[in-house]
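To start, the structure under review is shown below, and the notes come after it.
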Amino acid sequence: MSEDKCVQPLLEIKGLGISFGGLQAVKDVHFDVYERQLLSIIGPNGAGKTTLFNLLTGHLKPNTGHVIFDGKNITGKSPDQISRMHIGRSFQKTSLFPRISVYENIQVAILTSRGKSLNLFSPARDMYREEVYQVLETVGLKENVNSIAGSLPHGAQRRLEIGITLASRPRVVLLDEPAAGLSPEETESLTQLIQMLARDQQLTIVFIEHDVGVVISISEKIMVLHHGELIANDVPSEIVKNKEVQRVYLGEESIWNS
Amino acid sequence: MEYLNKIGRSRVFGWGAIVVVLVVMCLLPFVLSGGWLSSVTEMLILALAGLAVNLIVGYGGMVTFGHAGLYAVGSYAFALLELSLGVPFAIAMILAPFITAIAGAVVGWFCVRLTSHYFALLTMAFGMIIWAIINSWYSVTNGDNGLFGIPIPEMLKSIPSYYYFTLIVVTVSAIIMKVILSSPYGVILRAIRENSTRVNFLGVNVRNYKWLTFTLSAFFIGIAGALFAGFTNSVFPQFAYWTKSGEFLVVVLLGGMFSFIGPMVGSVLFVFLDKVITAYTVYWPFVLGMILILCTILFRAGIVGFISEKVLRQGDRQ
């Protein structure tokens, strides 16, 4: 639906591919992300989902294809360059700053994204205090502001993981399996959080998930990755009917029915 | 509320403690003998070197075995400016840290390309290269004989006056370092220590950041080197030797690398133990080794880390 409103996609992925030795981890992937879309990428373990994110954020350099962001070719740029163009990502394996406070975890992301990283002489303590609290409010960690990040329970760490990404004010948010390791209740509230971010804060979000049930209800479009190939890219109602997708997920039919 | 509480407790107490320590330091020349006052001067200079090394070790999360090389660059730059070029004391004292920072930038440019133990080994290699140059370049550095008779202004010639001079320079340097570490740069530096990959994905060129840190650290250790050269009126190639780097690391580890004041406490302890134990036995390094082993086993965060943990726990119980 947003496709009609926007002339140009915010993020264009054209024929992206990479192989490690003989393994073609990602193969000729094409898709577009339009502003304010909420997209999800699903696929079984080892389908190449995280590798795809690594290609988009500069962690890996693709063998083939291009990534175009806001009309500019960003293929092969370094992670910090890509991040400075306001593409933010979170990690499947929680990647925080464990021995500093939750407050500072968020503050770091704000400072770096506001060009303050070479400010050597102003006290940082109260810089962007308001913004830090706003982000913590959004991800529901306001009470934990003074805790040491590494001491938080897993669920809270996953939320902080997203908070750090949001704090850098990205134009596209790439969330790598935000629900990894969460209980069903935690997954439910996280799903609501993602939906809220897309709806209320009008963020453009692409998120990875291996549990199909989680994405069906909230995604505008779902992409299915299998053995590095994009085998489907459609609205949820069509994805459910897709024979090939069903075949990939064979044995997990129960999820589809529920 | 919590924020106000924090200011109310830790900060005011912190400033109070600093003022008390400074007042005591100012009064020391009236109570201590010349020998002890010299030791305290040495403590101050070693504390500054420790703080500089801790910028890299504690805040940057990189272990350096080559800082003695940069320390010696500071000492020799100061000595040669005065002796060979006839530059006045004050100017030589100001220029030496900048020259050290340039040397640090060159060495650092290579070192930050590596991480962990590779980084440590490369710093050591550069330190030894500096030592080798100083040790063999007779026409300039007088080789292993060292340089003597560095002129000192009349007003700084007595032990108490040089002590006051050192106290002022070290205090000002420490304040500047504290300000830098409390800035956004300091926050991000600690984040890099914690997780450099994530900081990279937040848009920071981590390598350049480490390079800047290395250069800053070189600047401050250059001040320490110049101060020490002025203190002893002489410089020797041993200043650059890797065991001297080890001394800086011991100071950092002994005091605690996760706190700002750690290296200062470490240096006080180091110089004090050196002076006391050498009076009884020539095997002072042996005793130091034992103390270090105990420290690493019992107080992994150093003396300061150990004490603040105790205090924090006490606070939790109340």
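First to last, the sequence lines map onto chains A and B. Using our numbering, the first residue of the first sequence is number 1, and each one after it goes up by one. Using our numbering, the first residue of the second sequence is number 1001, and each one after it goes up by one. The C-beta atom is built at its ideal place from N, Cα and C for all residues, glycine as well.
Quick check: what's the CA-CA separation for residue i versus residue j?
{"i": "Leu152(A)", "j": "Asp200(A)", "result": "27 Å"}
{"i": "Val145(A)", "j": "Ser101(A)", "result": "7 Å"}
{"i": "Gly1186(B)", "j": "Ile1180(B)", "result": "6 Å"}
{"i": "Thr75(A)", "j": "Leu11(A)", "result": "12 Å"}
{"i": "Leu1081(B)", "j": "Met1177(B)", "result": "26 Å"}
{"i": "Gly1230(B)", "j": "Arg125(A)", "result": "38 Å"}
{"i": "Thr1041(B)", "j": "Leu1147(B)", "result": "21 Å"}
{"i": "Tyr1162(B)", "j": "Met1093(B)", "result": "13 Å"}
{"i": "Ile1307(B)", "j": "Val1140(B)", "result": "47 Å"}
{"i": "Lys142(A)", "j": "Arg159(A)", "result": "11 Å"}
{"i": "Tyr1209(B)", "j": "Leu1189(B)", "result": "8 Å"}
{"i": "Val1112(B)", "j": "Ala232(A)", "result": "44 Å"}
{"i": "Thr112(A)", "j": "Tyr1071(B)", "result": "32 Å"}
{"i": "Pro178(A)", "j": "Val1053(B)", "result": "39 Å"}
{"i": "Lys77(A)", "j": "Leu190(A)", "result": "31 Å"}
{"i": "Ile1045(B)", "j": "Ala1174(B)", "result": "11 Å"}
{"i": "Lys49(A)", "j": "Gly1225(B)", "result": "53 Å"}
{"i": "Gly1305(B)", "j": "Phe1260(B)", "result": "10 Å"}
{"i": "Gln37(A)", "j": "Leu120(A)", "result": "38 Å"}
{"i": "Val944(B)", "j": "Ile1297(B)", "result": "Past the boundaries of the shown model lies residue 944(B); chain B is included only from 1001 to 1318, so the question cannot be answered."}
{"i": "Ile1291(B)", "j": "Gly1266(B)", "result": "12 Å"}
If you compare alpha carbons, which of the options is closest to residue i?
{"i": "Arg84(A)", "options": "Thr94(A), Gly228(A), Thr165(A)", "result": "Thr165(A)"}
{"i": "Leu55(A)", "options": "Gln37(A), Val29(A), Ile42(A)", "result": "Val29(A)"}
{"i": "Leu941(B)", "options": "Gly1108(B), Gly1074(B), Gly1034(B), Ala1049(B)", "result": "Nothing in the structure corresponds to residue 941(B), since chain B is present only between 1001 and 1318."}
{"i": "Gln299(A)", "options": "Gly58(A), Phe97(A), Lys14(A), Ile18(A)", "result": "In the structure displayed, chain A extends from 1 to 258; residue 299(A) sits before or after that span and is not available."}
{"i": "Pro1029(B)", "options": "Ile1221(B), Gly1069(B), Ala1092(B), Pro1160(B)", "result": "Pro1160(B)"}
{"i": "Trp1242(B)", "options": "Met1128(B), Trp1211(B), Thr1232(B)", "result": "Met1128(B)"}
{"i": "Ala1079(B)", "options": "Leu1227(B), Ser1259(B), Val1287(B)", "result": "Leu1227(B)"}
{"i": "Leu1247(B)", "options": "His1067(B), Leu1022(B), Val1031(B)", "result": "Going by the sequence as given, residue 1247(B) is Glu instead of Leu. When only C-alpha atoms are compared, the closest one is His1067(B)."}
{"i": "Lys1244(B)", "options": "Ser1038(B), Val1023(B), Thr1064(B)", "result": "Thr1064(B)"}
{"i": "Ile208(A)", "options": "Leu225(A), Met196(A), Gln192(A)", "result": "Leu225(A)"}
{"i": "Leu16(A)", "options": "Gly155(A), Val67(A), Tyr249(A)", "result": "Val67(A)"}
{"i": "Ala1090(B)", "options": "Phe1201(B), Glu1154(B), Trp1015(B), Val1287(B)", "result": "Glu1154(B)"}
{"i": "Val1057(B)", "options": "Pro1285(B), Phe1270(B), Met1257(B)", "result": "Met1257(B)"}
{"i": "Thr69(A)", "options": "Thr51(A), Gly88(A), Leu60(A)", "result": "The question names Thr, but residue 69(A) in the sequence shown is Phe. Per the Cα distances, Gly88(A)."}
{"i": "Phe1239(B)", "options": "Val1107(B), Arg1193(B), Asn1135(B)", "result": "Asn1135(B)"}
{"i": "Val33(A)", "options": "Ala47(A), Ala25(A), Lys14(A), Gly21(A)", "result": "Lys14(A)"}
{"i": "Ala109(A)", "options": "Phe31(A), Met127(A), Ser217(A), Gly213(A)", "result": "Met127(A)"}
{"i": "Gln92(A)", "options": "Ser117(A), Leu174(A), Glu238(A), Gln8(A)", "result": "Leu174(A)"}
Tell me where the alpha helix (DSSP H) around residue i begins and ends.
{"i": "Asn1054(B)", "result": "1034-1054"}
{"i": "Leu275(A)", "result": "The question about residue 275(A) has no answer, for chain A in this structure spans 1 to 258."}
{"i": "Lys241(A)", "result": "236-241"}
{"i": "Ala1103(B)", "result": "1089-1111"}
{"i": "Ser147(A)", "result": "From DSSP, Ser147(A) is part of no alpha helix (DSSP H); its letter is neither H nor E."}
{"i": "Pro1263(B)", "result": "1262-1280"}
{"i": "Asn1142(B)", "result": "Unbroken run through Asn1142(B): none, as it is neither H nor E."}
{"i": "Leu1066(B)", "result": "Here residue 1066(B) turns out to be Gly, not Leu, going by the sequence shown. No alpha helix (DSSP H) holds Gly1066(B); DSSP gives it neither H nor E."}
I need the DSSP call for residue i, collapsed to helix, strand or coil.
{"i": "Arg89(A)", "result": "strand"}
{"i": "Ser1158(B)", "result": "coil"}
{"i": "Glu161(A)", "result": "helix"}
{"i": "Asp28(A)", "result": "strand"}
{"i": "Leu1004(B)", "result": "Residue placement at Leu1004(B) cannot be trusted, given a pLDDT of 34 that sits under 50; what the coordinates show is reported in the next sentence. Three-state DSSP puts Leu1004(B) in a helix."}
{"i": "His154(A)", "result": "helix"}
{"i": "Phe20(A)", "result": "strand"}
{"i": "Asn45(A)", "result": "coil"}
{"i": "Ile1223(B)", "result": "helix"}
{"i": "Ala1301(B)", "result": "coil"}
{"i": "Ser101(A)", "result": "strand"}
{"i": "Ala232(A)", "result": "strand"}
{"i": "Val1235(B)", "result": "strand"}
{"i": "Lys72(A)", "result": "strand"}
{"i": "Ser1259(B)", "result": "coil"}
{"i": "Ser217(A)", "result": "coil"}
{"i": "Tyr1118(B)", "result": "helix"}
{"i": "Arg169(A)", "result": "coil"}
{"i": "Val976(B)", "result": "This structure leaves residue 976(B) out entirely; chain B is present only between 1001 and 1318."}
{"i": "Lys1210(B)", "result": "helix"}
State the beta-bridge partners of residue i as determined by DSSP.
{"i": "Ile14(A)", "result": "Contrary to the premise, residue 14(A) reads as Lys rather than Ile in this sequence. Looking at the DSSP assignment, Lys14(A) forms a beta bridge with His66(A)."}
{"i": "Ser1245(B)", "result": "Its beta-bridge partners do not exist; DSSP assigns none."}
{"i": "Leu174(A)", "result": "Arg89(A), Val206(A)"}
{"i": "Val33(A)", "result": "Leu11(A)"}
{"i": "Ser40(A)", "result": "Phe207(A), Ile222(A)"}
So the beta strand (DSSP E) residue i belongs to, where does it begin and stop?
{"i": "Glu209(A)", "result": "204-209"}
{"i": "Asp80(A)", "result": "Where Asp80(A) is concerned, there is no enclosing beta strand (DSSP E), although the alpha helix (DSSP H) it sits in stretches over 79-84."}
{"i": "Ser95(A)", "result": "Looking at the DSSP string, Ser95(A) is not in any beta strand (DSSP E), and its letter there is neither H nor E."}
{"i": "Met196(A)", "result": "Counting along the chain, Met196(A) falls outside any beta strand (DSSP E), though it belongs to the alpha helix (DSSP H) covering 184-199."}
{"i": "Lys221(A)", "result": "221-226"}
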